[in-house]
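Engineer: In this note's numbering, the protein residues as written are 79 to 242. We put the CB at the ideal spot given by N, CA and C, even for glycine.
Structure follows, in structure tokens:
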């Protein structure tokens, strides 16, 4: 049984422990766990999960605060614009529409909390993800930048105007 919801702190802990286990030796994941959980607690972001039989198998986070996007208000300004970040699902559950359902939930949450626009970044080489994001309506090009976190390099940022 699948469920899509805002993550509890316990679900965040479990999901991040899985992420850390899936990336052995990469201490950035340990740092990111601390950062994401703290930002959820302080309201700078909100993480949503896909649960399968009660276990978190996927996630996505809405970043509200410019602090969460290195001060870049083109991504998130804490008032009208938020950023969709860290969309992940376990391989066994990929391609079944779970992330699409999660994004719809995230969009509704953003609307309910007064946000007018969402942004999303995609590595330029990730053409499959880019096609999905365009299909979801993230069609307005915002900016391009060189990723400071990922090794992929060029990141393209798109936005979508939310409708009530």
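Beta-carbon separation of residue 118 and residue 124 under 8 Å?
Structural biologist: Walking along the chain shown from the start, residue 118 turns up at place 40. Walking along the chain shown from the start, residue 124 turns up at place 46. Going by C-beta atoms, residue 118 is nearer than 8 Å to residue 124.
Engineer: For the candidate residues 209, 102, 89, 153, whose alpha-carbon lies nearest to that of residue 131?
Structural biologist: One-based indexing of the chain shown puts residue 131 at position 53. Closest by alpha carbon: 89.
Engineer: At 3 residues or longer, and completely inside the stretch 98-138: list those beta strand (DSSP E) runs for me, N to C.
Structural biologist: Listed in chain order, they are 123-130.
Engineer: Which first and last residues belong to the beta strand (DSSP E) in which residue 193 is found?
Structural biologist: Counting from 1 along the chain shown, the entry for residue 193 is found at position 115. First-last for residue 193: undefined, no H or E at that position.
Engineer: Please state the DSSP three-state secondary structure of residue 165.
Structural biologist: As a working note, residue 165 is residue 87 in the chain shown. Three-state DSSP puts residue 165 in a strand.
Engineer: Quick check: is any heavy atom of the ligand COA less than 7 Å from the C-beta of residue 201?
Structural biologist: This structure lacks the ligand COA; in fact it carries no ligand of any kind.
Engineer: Check whether the Cβ atoms of residue 193 and residue 200 sit closer than 8 Å, and answer yes or no.
Structural biologist: Here residue 193 corresponds to residue number 115 of the chain shown, with the count starting at 1. Here residue 200 corresponds to residue number 122 of the chain shown, with the count starting at 1. Contact: no.
Engineer: State whether the stretch 133-148 contacts the stretch 89-102, with contact taken as three or more CB pairs (one from each stretch) at a distance under 8 Å.
Structural biologist: Yes: the two stretches touch, three or more of their Cβ pairs being nearer than 8 Å.
Engineer: Identify every residue that forms a DSSP beta bridge with residue 219.
Structural biologist: Stepping through the chain shown from its first residue, residue 219 is reached at position 141. According to DSSP, which records beta bridges pairwise, residue 219 is partnered with 236.
Engineer: Spatial neighbours of residue 121 within its chain, please: C-beta separation below 6 Å, excluding the five flanking residues on both sides.
Structural biologist: Residue numbering aside, residue 121 sits at position 43 when the chain shown is read from its first letter. No residues qualify anywhere along the chain.
Engineer: For the alpha helix (DSSP H) containing residue 209, name the first residue and the last one.
Structural biologist: Counting from one through the chain shown, the residue named residue 209 turns up at place 131. Taken as a continuous stretch (DSSP letters only), the alpha helix (DSSP H) holding residue 209 covers 205-213.
Engineer: In three-state terms, what does DSSP make of residue 160?
Structural biologist: If you number the chain shown from 1, residue 160 lands on position 82. Three-state result, residue 160: strand.
Engineer: If you draw a straight line from the C-alpha of residue 168 to the C-alpha of residue 236, how long is it?
Structural biologist: Here residue 168 is taken as the residue at index 90 of the chain shown, counted from 1. Here residue 236 is taken as the residue at index 158 of the chain shown, counted from 1. Near 25 Å, if we compare the C-alpha coordinates of residue 236 and residue 168.
Engineer: Can you give me the start and stop residues for the beta strand (DSSP E) that residue 84 sits inside?
Structural biologist: For the purposes of this step, residue 84 is identified with residue 6 of the chain shown, where counting begins at 1. Note, residue 84: beta strand (DSSP E), 80-84.
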